[in-house]
Every structure is written in structure tokens, then in C-alpha cells.
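The sequence shown maps to residues 102 to 178 in this note's numbering. Note that the Cβ used here is the ideal one computed from N, Cα and C, for glycine as well. Worksheet for the structure shown next.
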Amino acid sequence: MNSLLVFLTSYGGLISQALSLVAKGIELGPELIKQIDNHAELMKQLVTQKRAPTQEEIDALNASIEADRAILQAPIE
Numbered sequence: 102m103n104s105l106l107v108f109l110t111s112y113g114g115l116i117s118q119a120l121s122l123v124a125k126g127i128e129l130g131p132e133l134i135k136q137i138d139n140h141a142e143l144m145k146q147l148v149t150q151k152r153a154p155t156q157e158e159i160d161a162l163n164a165s166i167e168a169d170r171a172i173l174q175a176p177i178e
């Protein structure tokens with residue numbers, strides 16, 4: 102459960118960072134938007150199925166979110 106909380110916090114940070122860039126007029130690429138949408142879809146499926154993600158799912162999602170964060174940092178740097 103602790104790793105799920107870490108994932109949700111990380112995902113929330115990613116969304117916040119993306120929205121901040123959009124508010125500054127920076128356009129997000131279609132691939133990044135698709136990735137963020139995929140994360141949301143997986144969470145929706147987990148809620149619908151009423152199950153917690155496996156550790157492998159959480160690890161994969163966290164790695165994907167970190168990669169997305171690196172992409173979001175690129176326009177800033």
C-alpha cells in the first residue's frame with residue numbers, strides 16, 4: 102500500500118508539472134499526452150476492478166512517470 106501512495110503522489114506531481122507548463126503556453130507533445138492518459142486509464146481499471154496494483158505494475162509506472170518528468174523538464178532547461 103505504501104508503494105501505491107508513492108505512485109499516486111508521483112503521478113499527481115507529474116500532472117501538476119504538465120498543467121504548469123500548459124498554463125505558461127508550452128505545448129505538450131502528443132506522445133507525452135498519450136502516456137499521461139495511459140497512466141490514468143490504468144488507474145481507472147484498477148479502481149473498476151477493485152484491486153491494488155502489483156509491485157511490478159507500480160515499479161513500471163513509476164519508471165514511466167520519471168521518464169515523462171524528464172521530458173517535461175526539457176522545455177524548461
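Collapsed DSSP secondary structure at residue i in the structure displayed
i: proline 154; result: coil
i: glycine 113; result: helix
i: alanine 161; result: helix
i: leucine 129; result: coil
i: alanine 168; result: helix
i: alanine 124; result: helix
i: alanine 119; result: helix
Rounded separation between residue i and residue j - CA only
i: isoleucine 134; j: glutamine 146; result: 18 Å
i: methionine 144; j: alanine 153; result: 9 Å
i: glutamine 150; j: glutamate 128; result: 34 Å
Nearest candidate by alpha-carbon position, reference residue i, set the options
i: isoleucine 116; options: Thr149, Asp138, Gly126 and Glu132; result: Asp138
### the stretch 105-114 touching the stretch 150-159, judged by at least three CB pairs closer than 8 Å
yes
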